[in-house]
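Taking it in order: structure first as structure tokens, then the write-up.
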Amino acid sequence: MGAAVAAVDRAAFVEWLERVGDNALVLGHRVSEWCGHSPVLEEDIALANQALDLIGQCQLWLGLAGEVEGQGRSADNLAYLRDAAAFRNVLLVERPNGDFGQTLMRQFLFDAFHIELMRALKASSDPRVAEIAAKAEKEVAYHLERSADLVISLGDGTEESRNRMQKALNVLYPYTGEMFHDDATDKAVAEAGIAPLPSSLRAAWDATVREVLEAATLTHPGETYQHGINGAGGGKRGVHSEYLGYILAEMQFLQRAYPGAVW
Amino acid sequence: MSAATRPQIDEIWRWLSQVPDPEIPVISLTDLGIVRDVAWQDDTLVVTVTPTYSGCPATSIINLDIEQALRERGIESIRLERQLSPPWTSDWLTEEGREKLRAYGIAPPIDGTAADGRLAGRIARLAGSSNLTIACPRCGSTHTEKISQFGSTPCKASYRCKDCLEPFDYFKCI
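Chains as they are written, first to last, in UniProt numbering: chain R, 1 to 263; chain Z, 1 to 174.
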């Protein structure tokens, strides 16, 4: 057991790892829902590959969560056998796919955050966290490049595509604040040097988002109400929208119906 | 396997260089640069492998193929270890591997061009000021265009040659 684990409350560390892992898992599942339904073959392949990257990253993060927890739970146990209230992903990633514009805008808003998080985590005091982040960073950079390009092409595209991108932005922007909200868990892992405070990633994210929206000729929604950071709600605390239940029903069915089933 | 009968490490590397990548069988696992270390620990051969992509579906097949290739050579006690750090990069593809890819119709990666998410560079590329050219592996023309950032496997992107009009795969740079 590394020194960093002794220096931080183990429950907080596990909780934080579940947040990072669940974001990748739930977004990966959402993106995989496009498989066989995308507007063109190339996009279908791209989305499936991206889902694969995210689910691969989730295996690493949840695998480490199980290891730090020390109760013999594997990444599969955590993915397939937790109920919705035990999931720690932000609300943004469980938003429905909507149209292609909403899927892409959700991806861009998350990728722009994800890249900053992975970059910062490369300097984590826990070497296991740092090495997963260094691996994931390359994949996330590739995702951001693609989602930003598409937000720009479609925003600065036809009237129809521009309207859809603007609508997607207006719908999703109120779910972005949760990614940068610091709570007790975030503060505990930040104090141990394991992860940056989410709020410290905000400025870089803002700069990326503004630059891309401008190139996309989209209007920044400005200050809006933010879900998940007021009162008792929020995905990071396990208070989810009803959408997560439907995702889990599909994702977990096999393991719930046939416990221990393997390929 | 006693110390006297253990195959030499460079002999084992040679065997591993004959194990094909399951998704692009024209190159070997050592061409791909994913075998990081081979070492004897007492009577056990420890092979350290790094994944290309964290979700690469070929990872478990690769491990099975390594184990099978070594068992066929009479090595009984084998342990496979995963090493994430330093993360694999397409820069590690060997020269020989790149030539094999090209001959097979896949444009090899161009070193040092991995996506880094830096927006200034990306926007410059969008504006067409990039000097990055991917040569068509069939006719050699540099008059090519990207169709999609993702191709038939996680490690490839889709391109098209505007001269010979053939579509081709480009080995992604990460």
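Just so it is clear, CB atoms sit at the ideal spot from N, CA and C, and this is done for glycine as well.
Please read all numbers here as calculations on a predicted model, not as lab measurements.
Using only the alpha-carbon positions, how far apart do residue i and residue j sit?
| i | j | result |
| --- | --- | --- |
| Glu-99 of chain Z | Glu-145 of chain R | 28 Å |
| Ala-85 of chain R | Ile-78 of chain Z | 42 Å |
| Val-14 of chain R | Thr-185 of chain R | 10 Å |
| Gly-245 of chain R | Gly-98 of chain R | 17 Å |
| Asn-63 of chain Z | Thr-48 of chain Z | 10 Å |
| Ser-32 of chain R | Asn-49 of chain R | 9 Å |
| Gln-252 of chain R | Glu-96 of chain Z | 44 Å |
| Glu-223 of chain R | Glu-242 of chain R | 25 Å |
| Phe-180 of chain R | Lys-187 of chain R | 12 Å |
| Arg-71 of chain Z | Leu-101 of chain Z | 28 Å |
| Cys-173 of chain Z | Asp-91 of chain Z | 8 Å |
| Thr-219 of chain R | Ile-147 of chain Z | 28 Å |
| Cys-58 of chain R | Arg-30 of chain R | 14 Å |
| Ser-74 of chain R | Gly-66 of chain R | 5 Å |
| His-143 of chain R | Thr-5 of chain Z | 49 Å |
| Ile-45 of chain R | Glu-23 of chain Z | 16 Å |
| Asn-230 of chain R | Arg-106 of chain R | 21 Å |
Identify which residue in the options has its Cα closest to the Cα of residue i.
| i | options | result |
| --- | --- | --- |
| His-237 of chain R | R:Ala-11, R:Leu-117 and R:Arg-19 | Per the sequence shown, residue 237 of chain R should be read as Arg rather than His. It is R:Arg-19. |
| Thr-52 of chain Z | Z:Thr-89, Z:Gln-68 and Z:Leu-80 | Z:Thr-89 |
| Ala-261 of chain R | R:Ala-46, R:Asp-76 and R:Leu-47 | R:Asp-76 |
| residue 296 of chain R | R:Trp-34, R:Ala-195, R:Met-118 and R:Pro-174 | There is no way to answer for residue 296 of chain R, as the model of chain R reaches only from 1 to 263. |
| Ala-207 of chain R | R:Gly-234, R:Leu-172, R:Glu-43 and R:Ile-115 | R:Ile-115 |
| His-143 of chain Z | Z:Ser-17, Z:Ala-135 and Z:Phe-150 | Z:Ala-135 |
| Gly-228 of chain R | R:Ala-141, R:Pro-221, R:Arg-210 and R:Pro-174 | R:Pro-174 |
| Trp-16 of chain R | R:Val-129, R:Val-40, R:Glu-42 and R:Lys-122 | R:Val-129 |
| Arg-95 of chain R | R:Ile-247, R:Thr-158 and R:Lys-122 | R:Ile-247 |
| Leu-80 of chain Z | Z:Tyr-104, Z:Pro-7 and Z:Gln-41 | Z:Gln-41 |
| Asp-9 of chain R | R:Trp-205, R:Gln-255, R:Ser-199 and R:Ala-192 | R:Ala-192 |
| Ile-61 of chain Z | Z:Asp-21, Z:Tyr-104, Z:Gly-140 and Z:Thr-50 | Z:Asp-21 |
| Ala-3 of chain Z | Z:Thr-133, Z:Gly-33, Z:Ile-34 and Z:Asp-43 | Z:Asp-43 |
| Ala-103 of chain Z | Z:Leu-29, Z:Thr-50 and Z:Asp-169 | Z:Asp-169 |
| Arg-164 of chain R | R:Gly-70, R:Phe-100, R:Arg-256 and R:Phe-110 | R:Phe-100 |
| Val-239 of chain R | R:Glu-178, R:Arg-210, R:Leu-60 and R:Leu-81 | R:Glu-178 |
So what does residue i bridge to, in DSSP terms?
| i | result |
| --- | --- |
| Glu-145 of chain Z | Z:Arg-160 |
| Ile-106 of chain Z | Z:Asp-169 |
| Val-47 of chain Z | Z:Val-38 and Z:Leu-80 |
| Ser-28 of chain Z | Z:Pro-20 |
Helix or strand or just coil, what does DSSP make of residue i?
| i | result |
| --- | --- |
| Asp-37 of chain Z | strand |
| Leu-218 of chain R | coil |
| Pro-20 of chain Z | strand |
| residue 265 of chain R | Since the first and last residues shown for chain R are 1 and 263, residue 265 of chain R lies out of range. |
| Gly-234 of chain R | strand |
| Val-31 of chain R | helix |
| Ser-124 of chain R | coil |
| Leu-153 of chain R | This sequence places Ser at residue 153 of chain R; Leu is not what is there. In this structure, Ser-153 of chain R counts as helix in the three-state DSSP scheme. |
| Val-239 of chain R | strand |
| Asn-89 of chain R | coil |
| Cys-58 of chain R | helix |
| Ala-124 of chain Z | Reliability fails at Ala-124 of chain Z, whose pLDDT of 49 lies under 50, so the model's placement of it is uncertain and no value is given. |
| Asp-182 of chain R | coil |
| Phe-150 of chain Z | coil |
| Ile-132 of chain R | helix |
| Pro-7 of chain Z | coil |
| Val-8 of chain R | coil |
Is the beta carbon of residue i sitting closer than 8 Å to the one on residue j?
| i | j | result |
| --- | --- | --- |
| Ser-38 of chain R | Leu-52 of chain R | no |
| Val-68 of chain R | Asn-23 of chain R | no |
| Ser-124 of chain R | Ala-136 of chain R | no |
| Gly-28 of chain R | Leu-62 of chain R | no |
| Ile-106 of chain Z | Pro-154 of chain Z | no |
| Val-171 of chain R | Gln-226 of chain R | no |
| Leu-117 of chain R | Leu-197 of chain R | no |
| Asp-10 of chain Z | Thr-94 of chain Z | no |
| Val-19 of chain Z | Ala-69 of chain Z | yes |
| Ala-148 of chain R | Phe-108 of chain R | yes |
| Ala-112 of chain R | Asp-156 of chain R | no |
| Arg-88 of chain R | Gly-233 of chain R | no |
| Val-46 of chain Z | Trp-13 of chain Z | no |
| Glu-131 of chain R | Ser-54 of chain Z | no |
| Leu-104 of chain R | Leu-150 of chain R | yes |
| Val-189 of chain R | Ala-12 of chain R | yes |
| Glu-145 of chain Z | Lys-156 of chain Z | no |
| Thr-176 of chain R | Leu-92 of chain R | yes |
| Arg-36 of chain Z | Gln-83 of chain Z | yes |
| Phe-150 of chain Z | Pro-108 of chain Z | no |
| Leu-169 of chain R | Pro-221 of chain R | yes |
| Ala-79 of chain R | Leu-154 of chain R | no |
| Leu-16 of chain Z | Ile-75 of chain Z | no |
| Pro-7 of chain Z | Arg-73 of chain Z | yes |
| Pro-56 of chain R | Cys-56 of chain Z | Checking the sequence shown, residue 56 of chain R turns out to be Gly, not Pro. Closer than 8 Å, so yes. |
Name the chain B residues whose beta carbon is nearer than 9 Å to that of residue i?
| i | result |
| --- | --- |
| Gln-71 of chain R | In summary, chain B is missing from the structure at hand, where the protein chains are R and Z. |
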